[in-house]
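K.L.:
Those protein sequence lines, which keep their order, are chains A and B. Here the numbering used here is used: the first sequence runs in plain steps of one and ends on residue 520. Here the numbering used here is used: the second sequence runs in plain steps of one and ends on residue 314. All C-beta atoms in this analysis are idealised placements derived from N, C-alpha and C, irrespective of residue type, glycine included. Just so it is clear, the structure is predicted and the values come from calculations on it, not from any experiment.
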Amino acid sequence: MIRRRTFNAGLLAATALPLPAIAQSTGSAGKRGGDLIMAQQAQPPTLDAQTTTAQASRNITLHVYESLFTRDEVSNPKPELAEGVDISADGLTYRIALRTGVKFHNGKTMTSADASASMQRYAKVGGSGDVLKPVAAYETPDSKTLVLKLSKVFPGLMEAISSPRAPFAIMPEEECAKPAGQAAPPMIGTGPFAFIEYRPDSHAKVARFDNYVPNTNFDKRDGFTGRKTAYFDTVTFRFMPEGGARTAGLQTGEVHVLESLDVAASKRLKDDKNIKSYPMLPWAFMTLMMNTNWGLTANVELRRAIQSALDLEEIMAIATDGLYRMDPAWQYPGTNYYPGLDGLAAFTTQDQAKAKQHLQAAGYNGEELQLVADSSFKPHLDAGTIASEQLRAIGMKVKLNVMDWPTVMATRSKPEGWNLWPLMMGIEPYEGPYNVVGFFAGRQTVQIKQDPVIEDANARLASELQLDDRRAAVKQFQNRIYDQAIAVKVGDVGIVQATRANVMNYAPYRIPRMWDCWFA
Amino acid sequence: MLRLIALRLLAALPVLLVVSLVAFGLTLLVPGDMAAEMLGMSATPADVARLRHELGLDVPTLVRMAQWYEGLLHLDLGRSVLLNQSVTEAIMQRLPVTLSLACLGLSFALVLGIPLGLLAAAKVGRATDQAAMGTALVGLSLPDFWLGLVLIWVVGVKLHWLPTGGWVSPAQDPLGWLRVMAMPAGALGLTQLGPIARMTRSAALEVANSDFVRTARAKGLAEPRVFARHVLGAALVPILTVAGIGFGAALGGALVIEQVFSLPGVGRLVIGAVLRRDWPVIQGGLLMTATVFVLVNLLVDVLYLWADPRLRER
Numbered sequence: 001m002i003r004r005r006t007f008n009a010g011l012l013a014a015t016a017l018p019l020p021a022i023a024q025s026t027g028s029a030g031k032r033g034g035d036l037i038m039a040q041q042a043q044p045p046t047l048d049a050q051t052t053t054a055q056a057s058r059n060i061t062l063h064v065y066e067s068l069f070t071r072d073e074v075s076n077p078k079p080e081l082a083e084g085v086d087i088s089a090d091g092l093t094y095r096i097a098l099r100t101g102v103k104f105h106n107g108k109t110m111t112s113a114d115a116s117a118s119m120q121r122y123a124k125v126g127g128s129g130d131v132l133k134p135v136a137a138y139e140t141p142d143s144k145t146l147v148l149k150l151s152k153v154f155p156g157l158m159e160a161i162s163s164p165r166a167p168f169a170i171m172p173e174e175e176c177a178k179p180a181g182q183a184a185p186p187m188i189g190t191g192p193f194a195f196i197e198y199r200p201d202s203h204a205k206v207a208r209f210d211n212y213v214p215n216t217n218f219d220k221r222d223g224f225t226g227r228k229t230a231y232f233d234t235v236t237f238r239f240m241p242e243g244g245a246r247t248a249g250l251q252t253g254e255v256h257v258l259e260s261l262d263v264a265a266s267k268r269l270k271d272d273k274n275i276k277s278y279p280m281l282p283w284a285f286m287t288l289m290m291n292t293n294w295g296l297t298a299n300v301e302l303r304r305a306i307q308s309a310l311d312l313e314e315i316m317a318i319a320t321d322g323l324y325r326m327d328p329a330w331q332y333p334g335t336n337y338y339p340g341l342d343g344l345a346a347f348t349t350q351d352q353a354k355a356k357q358h359l360q361a362a363g364y365n366g367e368e369l370q371l372v373a374d375s376s377f378k379p380h381l382d383a384g385t386i387a388s389e390q391l392r393a394i395g396m397k398v399k400l401n402v403m404d405w406p407t408v409m410a411t412r413s414k415p416e417g418w419n420l421w422p423l424m425m426g427i428e429p430y431e432g433p434y435n436v437v438g439f440f441a442g443r444q445t446v447q448i449k450q451d452p453v454i455e456d457a458n459a460r461l462a463s464e465l466q467l468d469d470r471r472a473a474v475k476q477f478q479n480r481i482y483d484q485a486i487a488v489k490v491g492d493v494g495i496v497q498a499t500r501a502n503v504m505n506y507a508p509y510r511i512p513r514m515w516d517c518w519f520a
Numbered sequence: 001m002l003r004l005i006a007l008r009l010l011a012a013l014p015v016l017l018v019v020s021l022v023a024f025g026l027t028l029l030v031p032g033d034m035a036a037e038m039l040g041m042s043a044t045p046a047d048v049a050r051l052r053h054e055l056g057l058d059v060p061t062l063v064r065m066a067q068w069y070e071g072l073l074h075l076d077l078g079r080s081v082l083l084n085q086s087v088t089e090a091i092m093q094r095l096p097v098t099l100s101l102a103c104l105g106l107s108f109a110l111v112l113g114i115p116l117g118l119l120a121a122a123k124v125g126r127a128t129d130q131a132a133m134g135t136a137l138v139g140l141s142l143p144d145f146w147l148g149l150v151l152i153w154v155v156g157v158k159l160h161w162l163p164t165g166g167w168v169s170p171a172q173d174p175l176g177w178l179r180v181m182a183m184p185a186g187a188l189g190l191t192q193l194g195p196i197a198r199m200t201r202s203a204a205l206e207v208a209n210s211d212f213v214r215t216a217r218a219k220g221l222a223e224p225r226v227f228a229r230h231v232l233g234a235a236l237v238p239i240l241t242v243a244g245i246g247f248g249a250a251l252g253g254a255l256v257i258e259q260v261f262s263l264p265g266v267g268r269l270v271i272g273a274v275l276r277r278d279w280p281v282i283q284g285g286l287l288m289t290a291t292v293f294v295l296v297n298l299l300v301d302v303l304y305l306w307a308d309p310r311l312r313e314r
């Protein structure tokens, strides 16, 4: 028998069906019309939303596709194409009620068959397909209900399937047989904008979907969900690799929205009446990952030497051009799983004398530390460069290996050959604890060598039904990271989104949302 | 002439074979993987392996090599999974952008560089010569990406004369196309102007004191006409050589300029493919660029015969 439990903010709490409490004010009524041009640096590796975790794809696909659940303004899970979910007392059955009357861009009405086929495709080709492994069966008792039957308890399921990392895009059933990478273009979803064209290396274009069925469970937009209203006739996503050219485009009015404006440029343009800047902090963790499996960093004393040698604020100030926040916690303050700062001060204060003692205890004899950093993301290279200098200051020999992003990715996934790797974790902390802790646990740990305490924390996070127990697991993870110096959380990085002044009611978010804003 | 063309085309085959081998070799030597790129940094090896299989990337090297050369024999450069289209089609869609950019840039360099070189030769040793060669040197020394950004700042942002980037098809809007191409072609042309002007000056000076030039002057021809009609004609072969090399350099420069001005050409295609490790596109792009280079060299050889009748008799 299924006992009705409702899903709220990733918690299993016996309360009424949650409907949004937090929503954005739209101010005055909007005005329809116009072609909004948004510039982004990268072009999407694919528009097959389910298969990619790339931000360049999300920027576009989340205007076209919607999911059963997604994240609200403060990144808590909320229904989108679903009305809600009943979770059985044993945590093994999820009965998802779908919204009715929702139309796909091809005119077809969405049913549970589409939802089921989309989820099953995701399990096969999705960018986070592994999270659906506990789902043993997908059942569709009627056209507006999808039932997920789990083979084992997984309290993180709602957090996982509401994540926009590689969106759990719902598409027509007949599209779901397409192999990875082939579902788009064209994209057929239920979102407020419908796909028009994709020209690789140039742009993608979407148009307002006039048969869009807004979610009446909400009053206004709310994160990726809410009552969405499209005002622009069309939105063009231009791919402009050169930062200076993107800024110039915004200044001349050829571009109306930038997904990210250099911090230095935003300072320079602060008096420009035609441009509005929207700083967003936090955007990502800045971290230094260590390989605990190989070479110097296999030695915990040496890792502690690195931990003590670093002036974290200096790294942040330079790597972020000044848009940063010092917070050593491995979750964001104000979120459900924030583990607090107790006992962290000793690990986050630079102490070169202590660092040298740790070096001595490690038996360091002038061996070369291999730091790999990519040149594709400036903050990574800056953080790597400054960290190298700070480590040299305590007498370490450091080799800074600068490569392009794919080469760094290939290098760091090897068990040997690297010691230190600067990395911004963007979407993971936004999603909550699962992919942060999970990054250090399981088959592919970022630190290469599995740590039993982190594995235990990850297992508890994935199985404990009580929120307090899961919070304790996150705290256990954080303590272990610091105690064993497995990685360094340098600080929180911010970004600046920017629009022309005539783009009204814009609100910055994880991606620039082109619904519920309009031209003056 | 046909024999010459046939011989040159035959000689190009080994070049293209080497390029194809290097292009294929890169796929073995350079780390990185398209499936890993698609999935992102949290993907497990199992996730990557699953997607590699889904995308058909787990085919053994020798089989891939056999497929690559079998395809080449049928003029098929393979298929890009990421673009979801054939590589030939992807390149052909973008080649007009790159070729038109390189041609416009080179035309700009020729139209300005040759008169500048002739002027310098006519006024050799004087202030005009110094100024012309100084201008050429500045163009030669400036990196094209920097020049592009400066043009965007001055011409686009400050003066609002031209758009700062993007692409308009000439078939849809010829004037719009010219407007979006003016700055990138100008940036590219300015960097090619230097070598052309300097070579023109040097070649013109070599023939400026020849008997036929003296005869032309003795007939009473005005100095500009002497240079335009007699000196330039005789100096054309080395200028063509530099222009041929310049076209190759312009093709290379176009890769950078396309990035700066957001033009959807072959350069952006290949750079994007490199960043995503889309090997069929990288291989095809390299081979196609080499082919264009070979054909341009052939064209220059043919132009030699047109420019210098003595060569036709050899």
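Pull the bridge partners of Pro422/A from the DSSP assignment, please.
P.N.:
Answer by DSSP bridge pairing, in chain order: Leu288/A.
K.L.:
Just the C-alpha distance for Ala298/A and Thr292/A, rounded to the nearest angstrom, thanks.
P.N.:
One C-alpha to the other measures close to 4 Å.
K.L.:
For Met133/B, decide whether its Cβ has a neighbour in chain A, counting only Cβ atoms nearer than 7 Å.
P.N.:
Closer than 7 Å: no.
K.L.:
For Ala23/B and Thr51/A, I'd like the C-alpha separation in whole angstroms.
P.N.:
Between Ala23/B and Thr51/A, the C-alpha separation is close to 28 Å.
K.L.:
Can the beta-carbon of Gly189/B be found closer than 7 Å to that of Gly105/B?
P.N.:
Yes, these two residues count as a Cβ contact at 7 Å.
K.L.:
Find out if the Cβ-Cβ distance for the pair Ala235/B, Val207/B is shorter than 7 Å.
P.N.:
The answer is yes: Cβ separation under 7 Å.
K.L.:
By Cβ distance, which residues of its chain are closer than 8 Å to Leu149/B, with the 5 residues on each side in sequence left out?
P.N.:
Val260, listed in sequence order.
K.L.:
Answer with yes or no whether the minimum CB distance from Thr499/A to chain B is below 7 Å.
P.N.:
Cβ-Cβ to chain B under 7 Å: no for Thr499/A.
K.L.:
Would you report the Cα separation of Asn106/A and Gly272/B, rounded to the nearest angstrom?
P.N.:
So the two alpha carbons sit approximately 31 Å from each other.
K.L.:
In angstroms with no decimal places, state the Cα-to-Cα distance between Pro508/A and Ala284/A.
P.N.:
About 15 Å.
K.L.:
Does the Cβ of Val503/A have 16 or more other Cβ atoms within 10 Å, making it buried, or fewer, making it exposed?
P.N.:
Per the 10 Å Cβ criterion, buried.
K.L.:
Answer with yes or no whether the minimum CB distance from Ala180/A to chain E is below 7 Å.
P.N.:
Note that chain E does not occur in the displayed structure, where the protein chains are A and B.
K.L.:
Taking the C-alpha atoms as reference points, what is the distance between His358/A and Gln350/A?
P.N.:
Their backbone Cα atoms lie some 13 Å apart in a straight line.
K.L.:
Quick check for students: name the residue ranges of the beta strand (DSSP E) that lie wholly in the region 415 to 464 of chain A, counting only runs of 3 or more.
P.N.:
Correct list: 420 to 425.
K.L.:
Return the bridge partner residues of Leu148/A from the DSSP annotation.
P.N.:
Its beta-bridge partners are Tyr94/A and Tyr138/A.
K.L.:
Helix, strand or coil for Leu159/B per DSSP?
P.N.:
Leu159/B: coil per DSSP, three-state reduction.
K.L.:
Using the three-state DSSP reduction, which class does Phe519/A fall into: helix, strand or coil?
P.N.:
Phe519/A: strand per DSSP, three-state reduction.
K.L.:
Given that a residue counts as buried once 16 or more other Cβ atoms are within 10 Å of its Cβ, and exposed if not, what is Pro309/B?
P.N.:
Burial call: exposed.
K.L.:
Excluding the 5 residues flanking Ser210/B on each side, which residues of the same chain have their C-beta closer than 8 Å to its C-beta?
P.N.:
Here the set comprises Ala234.
K.L.:
Would you tell me roughly how many angstroms separate the C-alpha atoms of His256/A and Ser277/A, rounded to the nearest one?
P.N.:
Near 12 Å, if we compare the C-alpha coordinates of Ser277/A and His256/A.
K.L.:
Give the residues of chain A in contact with Arg277/B, contact being defined as C-beta atoms less than 8 Å apart.
P.N.:
Correct list: Pro406.
K.L.:
Any residues in the region 44 to 73 of chain A with a beta carbon nearer than 8 Å to a beta carbon of chain B? Which ones, in chain order?
P.N.:
Cβ contacts with chain B: Pro45, Thr46, Thr51, Thr52, Thr53 and Ala54.
K.L.:
Pull up the distance between the alpha-carbon of Thr100/A and that of Cys176/A, whole angstroms please.
P.N.:
Using only the alpha carbons, I get a separation of about 20 Å.
K.L.:
Using only alpha-carbon positions, find the residue among Ala29/A, Glu73/A, Asp271/A and Ala459/A that is nearest to Val153/A.
P.N.:
Nearest C-alpha to Val153/A: Ala459/A.
K.L.:
With distance defined between alpha-carbon atoms, name the residue in Pro333/A, Val488/A and Leu258/A nearest to Gly384/A.
P.N.:
The residue with the shortest Cα to Cα distance from Gly384/A is Val488/A.
K.L.:
Any idea what DSSP makes of Ala487/A, helix, strand or coil?
P.N.:
Here Ala487/A sits in strand by DSSP.
K.L.:
Listing by chain order, which chain B residues have their CB less than 8 Å from the CB of Phe239/A?
P.N.:
Chain B residues near Phe239/A: Ser262.
K.L.:
Taking 6 Å as the limit between beta carbons, can you name the residues of its chain near Gly191/A, skipping five residues before and five after?
P.N.:
Answer for Gly191/A: His63, Val64, Tyr65 and Glu66, listed in chain order.
K.L.:
Hey, out of Pro339/A, Ser463/A and Trp421/A, whose CA is closest to Lys399/A's CA?
P.N.:
Taking only the C-alpha atoms, the option nearest Lys399/A is Trp421/A.
K.L.:
DSSP three-state label for Glu54/B, please.
P.N.:
Note: Glu54/B maps to helix in three-state DSSP.
K.L.:
Identify the continuous beta strand (DSSP E) that holds Phe195/A and give its terminal residues.
P.N.:
Per DSSP, Phe195/A belongs to the beta strand (DSSP E) from Phe193 to Arg199.
K.L.:
Report yes or no: is there a C-beta of chain B within less than 7 Å of the C-beta of Glu242/A?
P.N.:
Yes, contact with chain B.
K.L.:
Closer than 7 Å between beta carbons: that is the criterion. Which residues of the region 287 to 309 of chain B meet it against chain A?
P.N.:
Under the 7 Å Cβ criterion, the region 287 to 309 of chain B contributes no residue.
K.L.:
Using three-state DSSP, classify Ala23/A as helix, strand or coil.
P.N.:
Bear in mind that a pLDDT of 40 at Ala23/A, under 50, signals an unreliable position, so the number given afterwards is only what the model happens to contain. Coil, per DSSP.
K.L.:
Return the residue from the list Ser100/B, Arg198/B, Thr241/B and Ala35/B that minimises the CA-CA distance to Gly253/B.
P.N.:
For the residues Ser100/B, Arg198/B, Thr241/B and Ala35/B, the minimum Cα distance to Gly253/B belongs to Ser100/B.
K.L.:
Checking the sheet assignment: what are the DSSP bridge partners for Ser277/A?
P.N.:
According to DSSP, which records beta bridges pairwise, Ser277/A is partnered with Ala498/A.
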